[in-house]
Amino acid sequence: MRLAAGRRDRARPRVRTLPCVVLIGFVLLAALAPWVLPYSPEALDLGNRRAAPSMAHPFGTDDLGRDVLARVVHGGRVSLAIGLLSALVAALIGTAVGMTSGYAGGWIDDGLMRLTDAALAMPRLPLLMVGAAILAPGLGGLVLLVGAAGWMELARLVRAETLSLKARDFVAAARAAGASARRVAVHHLLPAVVPTLVVATTVAVARAILLESALSFFGVGVQPPTPSWGGMLYQAQGSMATEPWLALFPGVAIFATALAVNALGESLRDLADGRQTDC
Numbered sequence: 045m046r047l048a049a050g051r052r053d054r055a056r057p058r059v060r061t062l063p064c065v066v067l068i069g070f071v072l073l074a075a076l077a078p079w080v081l082p083y084s085p086e087a088l089d090l091g092n093r094r095a096a097p098s099m100a101h102p103f104g105t106d107d108l109g110r111d112v113l114a115r116v117v118h119g120g121r122v123s124l125a126i127g128l129l130s131a132l133v134a135a136l137i138g139t140a141v142g143m144t145s146g147y148a149g150g151w152i153d154d155g156l157m158r159l160t161d162a163a164l165a166m167p168r169l170p171l172l173m174v175g176a177a178i179l180a181p182g183l184g185g186l187v188l189l190v191g192a193a194g195w196m197e198l199a200r201l202v203r204a205e206t207l208s209l210k211a212r213d214f215v216a217a218a219r220a221a222g223a224s225a226r227r228v229a230v231h232h233l234l235p236a237v238v239p240t241l242v243v244a245t246t247v248a249v250a251r252a253i254l255l256e257s258a259l260s261f262f263g264v265g266v267q268p269p270t271p272s273w274g275g276m277l278y279q280a281q282g283s284m285a286t287e288p289w290l291a292l293f294p295g296v297a298i299f300a301t302a303l304a305v306n307a308l309g310e311s312l313r314d315l316a317d318g319r320q321t322d323c
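Going left to right, the sequence shown walks through residues 45 to 323 as the working numbering numbers them.
Below is the structure:
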């Protein structure tokens, strides 16, 4: 029995390590793309259009002869940047709303939580599509739109954590020492909320990547010629039967990245809870 349990304990890290390695590999490859890839994502080769994967083009080429590998990697730079920055925007809004609600209590808490519930009840993707279609934002505007659609879960989580923390002795001691409500919130509650917030923000990154990919897939997200994973899927719709690699590789990139980010979030949650983690 002990031997079997030991084998399971040794096997568990391998399950989580692989997604984390995949994520680190994506980030490094995206950051070093201009120096490690032989092709530019915008370089046209009209004499080599829709070429199948080969040694020269491991992921094949698209309808304009552009290297799909280069476009997947450079698209990863866009998708990862939008996912991370959108999650940070969501974290800022969610932290402000959740901490204000949990610490103030009373009618402020009721009003902010009803606002959060109303935002959660709205269909997120259709509203984002309408907003992106009307505003036609650039990358910065897209970050703000996606971030503004993802703060609600973070707000509820931060509120719950704040309610738990404000009843503890260190908060009572700070109040007894004459600390203002703002000082208690910023210097005492916020540092204690950060570990939980980091875990939740990591999960929000995966959700933001999926939202950006969906918007680009429907043609209202990142606009050509800037490559993005969702945009590549959108452009591959008409040729999936004849050139499946045009959709396969960006689709796998979206799936693998979302899975890896979620695995990182689980590892950080284990670390925050004091359990053994491998990433």
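All C-beta atoms in this analysis are idealised placements derived from N, C-alpha and C, irrespective of residue type, glycine included.
As the structure is a computational prediction, the values presented were derived from the model and not from experiment.
- DSSP places Gln267 outside any alpha helix (DSSP H), giving it a letter other than H or E.
- In the three-state scheme derived from DSSP, where H, G and I count as helix and E and B as strand, Asp153 is classed as helix.
- With contacts defined by Cβ atoms closer than 9 Å, Ala114 and Ala74 do not form a contacting pair.
- Counting only residues of its own chain and dropping the five nearest sequence neighbours on each side, Gln279 has a CB closer than 8 Å to the CB of Asp106, Asp107, Pro268 and Leu290.
- Within the DSSP bridge table, the entry for Asp107 names no partner.
- Of all alpha-carbon atoms in Ala199, Leu172 and Gly194, the one lying nearest the alpha-carbon of Arg158 is that of Ala199.
- For Ala244, same chain residues with a beta-carbon under 6 Å away, outside a window of 5 residues either side, are Leu198 and Leu201 in chain order.
- The DSSP-derived three-state label of Leu90 is helix.
- Burial state of Thr286 is exposed, judged by a 10 Å Cβ sphere holding fewer than 16 other Cβ atoms.
- Residues of the same chain with a CB within less than 7 Å of the CB of Tyr83, apart from the 5 flanking positions on each side, are Asp111 and Ala114 in chain order.
- The beta carbon of Pro85 sits closer than 6 Å to the beta carbons of Ala114, Arg115, His118 and Pro271 from its chain, once the five residues preceding and following it are set aside; these are given in chain order.
- By the Cβ neighbour-count rule, His101 is buried, with 16 or more other Cβ atoms within 10 Å of its own.
- Between the beta-carbon of Leu164 and that of Met143 there is about 18 Å, and that puts the pair past the 8 Å contact cut.
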